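Chains as they are written, first to last, in the numbering used here: chain G, 403 to 542; chain C, -19 to 273. Below: one structure, written as structure tokens.
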Amino acid sequence: MALPTTLHLHIASSDRSLVDETVDEVQIPGVQGYFGVLPGHTPLLAQLSVGDLWYRQGSETHHLAMAYGFAEVQPDRVTILAETAESADEIDEARAEAAKRRAEERLRIPNADIDIDRASVALKKAIVRIQVSQRARAGV
Amino acid sequence: MPSLIDLRRRVRAVKNTQQITKAMKMVAASKLRRAQERIMNARPYAVQMQRVLSNVAGRVDPSIHPLLTERPLGPDSKTLVIVVTADKGLCGSFNTNAIKGATSYVAGNSQPCTLGLVGRKGREYFARRDYAVAFEQVNIFHRLQGDDARVIAKLAIDAFTNGEVDRVMLVYNEFKSVISQRVVVDQLLPISREDVDAGATAPVDGEPQVDYLYEPSPEAIFHALLPRFVAVQIYRALLESNAAFFAAQMTAMDTAVKNSSEMIASLTLYMNKVRQAAITREIIEVVSGAEAL
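Below, the structure written as structure tokens:
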């Protein structure tokens, strides 16, 4: 069987379908670290973490900030079920900066009222958003 | 006989009401369109999720997971009934139907039930009556998000896993079409095996089923997937209920507009009769006055 030369990428978050396109390469934030997927990848089912998901079409790269979910990889197809996901141009960088500062503030002064897990997740999400938006602007 | 001025005032009042109901109908129609769109948008995620879940379920022993374990229902095992109503009224029998569905389920159940109330109308009804209420979620529909479903899912899963209840049911209005909504009672927990297996693709002849690599492990993915699955089901029910609400409201407002048109017509007719009667009387008075001279 000949190996497929492209991948069909489908990204859906719980309230909408974000991407439904043919791509050449995807990088996905798995719970055990980032992994790249090229056409012909062996079937894989992965749990995802917070991170920058990018995909490449020819020489064009697109970035998305996503958090949690699952990925199903087939040789010719990648399906991402993200808890939350947003593409780079949807990100409001100022808001992400504010969220980052707020989360850092919370983590710096530990007290019993603060849910540390929640604050650190919020911090991670904010950092990823900022990164994604900056990378998209720099065109890398 | 009411005076002409009174009648004229009444016609004006009905016209004002009609204007409001007409506007509400239009608003409901546009919100319904958006609500329907959201159902469509949420569908791919739910479908894919089901597929992945069935896929993993075939590879792990599902009986180990507490959310799948069917518990024997004794006389003192409890059921949590989550009732989804709307936050607002003016929607015909929408809320009443959901409440009726819930009360008849509770009455027909031999085990005691506690209620989880979603939507303000349900809370208003059950708070005044003698029902055990486990939790309330109100004012979520004007800005419905996946997070709202996740909160409810967590409440339901926690109550189920720590043994407070042995079964969780979900009562909501299903959006069948713009003119018809139907109350459905679904079992949410334990997750039934049919639900899990429903998305499995039948193996094609000669093509061996693909074996996946799992990251981290099939068990871990399975355990993470099931609570998400519950949340997705709740989210879908909330979206359905939301769309059904606007459909019901639209229909109710449409009827109101029609009824007020009828009312205006009959009032105007009556008003003209009164006016005519008054004129006739005046003429008779003048004529008989002239005759008397």
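A virtual CB, placed ideally from N, CA and C, is assigned to each residue, including glycine. Owing to the predicted nature of the structure, the values given are computational and were not obtained by experimental measurement.
Which residues bound the beta strand (DSSP E) around residue i?
{"i": "I120 (chain C)", "result": "Where I120 (chain C) is concerned, there is no enclosing beta strand (DSSP E), given that its DSSP letter is neither H nor E."}
{"i": "S489 (chain G)", "result": "479 to 489"}
{"i": "I275 (chain C)", "result": "The structure shown does not extend to residue 275 (chain C), since chain C is modelled only from -19 to 273, so the question has no answer here."}
{"i": "Y470 (chain G)", "result": "462 to 476"}
{"i": "V98 (chain C)", "result": "93 to 98"}
If you draw a straight line from the alpha carbon of residue i to that of residue j, how long is it in whole angstroms?
{"i": "G438 (chain G)", "j": "H45 (chain C)", "result": "31 Å"}
{"i": "E116 (chain C)", "j": "T65 (chain C)", "result": "11 Å"}
{"i": "D454 (chain G)", "j": "Y194 (chain C)", "result": "21 Å"}
{"i": "H465 (chain G)", "j": "I511 (chain G)", "result": "33 Å"}
{"i": "S241 (chain C)", "j": "I0 (chain C)", "result": "13 Å"}
{"i": "M223 (chain C)", "j": "Q16 (chain C)", "result": "Residue identity check: residue 223 (chain C) is Ala in the sequence provided, not Met. Those two C-alpha atoms are separated by around 6 Å."}
{"i": "G81 (chain C)", "j": "T481 (chain G)", "result": "38 Å"}
{"i": "D177 (chain C)", "j": "D234 (chain C)", "result": "43 Å"}
{"i": "T59 (chain C)", "j": "I244 (chain C)", "result": "50 Å"}
{"i": "R123 (chain C)", "j": "L219 (chain C)", "result": "11 Å"}
{"i": "L447 (chain G)", "j": "K156 (chain C)", "result": "35 Å"}
{"i": "T522 (chain G)", "j": "T486 (chain G)", "result": "According to the sequence as given, residue 522 (chain G) is Ser; it is not Thr. Rounded to whole angstroms, S522 (chain G) to T486 (chain G) spans 16 Å at the Cα level."}
{"i": "S268 (chain C)", "j": "T260 (chain C)", "result": "12 Å"}
{"i": "D287 (chain C)", "j": "K2 (chain C)", "result": "Outside the displayed span of chain C (-19 to 273) sits residue 287 (chain C), for which this structure offers no information."}
{"i": "V32 (chain C)", "j": "V145 (chain C)", "result": "28 Å"}
{"i": "S246 (chain C)", "j": "V164 (chain C)", "result": "40 Å"}
{"i": "P477 (chain G)", "j": "K5 (chain C)", "result": "50 Å"}
{"i": "D185 (chain C)", "j": "A107 (chain C)", "result": "Below a pLDDT of 50, predicted positions are generally treated as unreliable, and D185 (chain C), at 46, falls in that range; the measurement from the model is reported next regardless. So the alpha carbons of these two residues sit roughly 57 Å apart."}
{"i": "I263 (chain C)", "j": "N75 (chain C)", "result": "56 Å"}
{"i": "R173 (chain C)", "j": "M29 (chain C)", "result": "15 Å"}
{"i": "L70 (chain C)", "j": "F225 (chain C)", "result": "10 Å"}
{"i": "V148 (chain C)", "j": "R109 (chain C)", "result": "21 Å"}
{"i": "A9 (chain C)", "j": "T(-3) (chain C)", "result": "18 Å"}
Identify every residue that forms a DSSP beta bridge with residue i.
{"i": "D422 (chain G)", "result": "G:H412"}
{"i": "E104 (chain C)", "result": "DSSP, once it has assigned bridges, lists no residue as partnering E104 (chain C)."}
{"i": "M149 (chain C)", "result": "C:V61, C:Q167"}
{"i": "I(-15) (chain C)", "result": "According to DSSP, I(-15) (chain C) bridges with nothing at all."}
{"i": "A139 (chain C)", "result": "Answer is none; A139 (chain C) lacks a bridge partner."}
{"i": "I44 (chain C)", "result": "In DSSP, I44 (chain C) forms no bridge with anything."}
{"i": "E427 (chain G)", "result": "G:R458"}
{"i": "Y25 (chain C)", "result": "In DSSP, Y25 (chain C) forms no bridge with anything."}
{"i": "G453 (chain G)", "result": "G:M468"}
Check this for me: beta carbons of residue i and residue j, under 8 Å apart or not?
{"i": "P406 (chain G)", "j": "G460 (chain G)", "result": "no"}
{"i": "V534 (chain G)", "j": "A467 (chain G)", "result": "yes"}
{"i": "D62 (chain C)", "j": "G88 (chain C)", "result": "Looking at the sequence provided, one finds Ile at residue 62 (chain C) rather than Asp. No, the Cβ-Cβ distance between I62 (chain C) and G88 (chain C) is not below 8 Å."}
{"i": "I532 (chain G)", "j": "E507 (chain G)", "result": "no"}
{"i": "G425 (chain G)", "j": "L411 (chain G)", "result": "Reading the sequence as shown, one finds Val at residue 425 (chain G) and not Gly. Taking 8 Å as the Cβ cut-off, V425 (chain G) and L411 (chain G) qualify as a contacting pair."}
{"i": "L525 (chain G)", "j": "A505 (chain G)", "result": "yes"}
{"i": "R479 (chain G)", "j": "L409 (chain G)", "result": "yes"}
{"i": "I120 (chain C)", "j": "D128 (chain C)", "result": "yes"}
{"i": "V428 (chain G)", "j": "P196 (chain C)", "result": "no"}
{"i": "S415 (chain G)", "j": "Y192 (chain C)", "result": "no"}
{"i": "A469 (chain G)", "j": "A538 (chain G)", "result": "no"}
{"i": "V266 (chain C)", "j": "L(-16) (chain C)", "result": "no"}
{"i": "V530 (chain G)", "j": "V452 (chain G)", "result": "yes"}
So, at 7 Å on beta carbons, what are the nonlocal neighbours of residue i in its own chain, with the 5 sequence-adjacent residues on each side left out?
{"i": "A217 (chain C)", "result": "V64, L150, Y152"}
{"i": "V86 (chain C)", "result": "V61, C93"}
{"i": "R103 (chain C)", "result": "L97, E116, V118"}
{"i": "T274 (chain C)", "result": "Residue 274 (chain C) is absent from the model: chain C starts at -19 and stops at 273."}
{"i": "A540 (chain G)", "result": "none"}
{"i": "R(-11) (chain C)", "result": "none"}
Closer than 6 Å by C-beta to residue i: which residues in its own chain qualify, once you throw out the five before and the five after it? Chain order, please.
{"i": "S160 (chain C)", "result": "none"}
{"i": "L509 (chain G)", "result": "A521"}
{"i": "R278 (chain C)", "result": "Because chain C is modelled from -19 through 273, residue 278 (chain C) falls outside the range shown and cannot be assessed."}
Who are the Cβ neighbours of residue i in its own chain at under 8 Å, not counting the five residues just before and after it?
{"i": "E187 (chain C)", "result": "Confidence is the limiting factor: at E187 (chain C) the pLDDT is only 45, short of 50, which leaves the residue's position unreliable, though a coordinate-based value still follows. Correct list: empty, nothing qualifies."}
{"i": "L47 (chain C)", "result": "I137, F140, T141, L169, P170, I171, L206, P207, V210"}
Just reading off the alpha helix (DSSP H) that residue i is part of, what are its end residues?
{"i": "D175 (chain C)", "result": "173 to 177"}
{"i": "R109 (chain C)", "result": "R109 (chain C) -> no alpha helix (DSSP H), and no H or E assigned at all."}
{"i": "T231 (chain C)", "result": "198 to 272"}
{"i": "Q536 (chain G)", "result": "518 to 540"}
{"i": "R510 (chain G)", "result": "495 to 510"}
Taking 8 Å as the CB-CB limit, is residue i close to chain B?
{"i": "R504 (chain G)", "result": "Any reference to chain B falls outside this structure, whose protein chains are G and C."}
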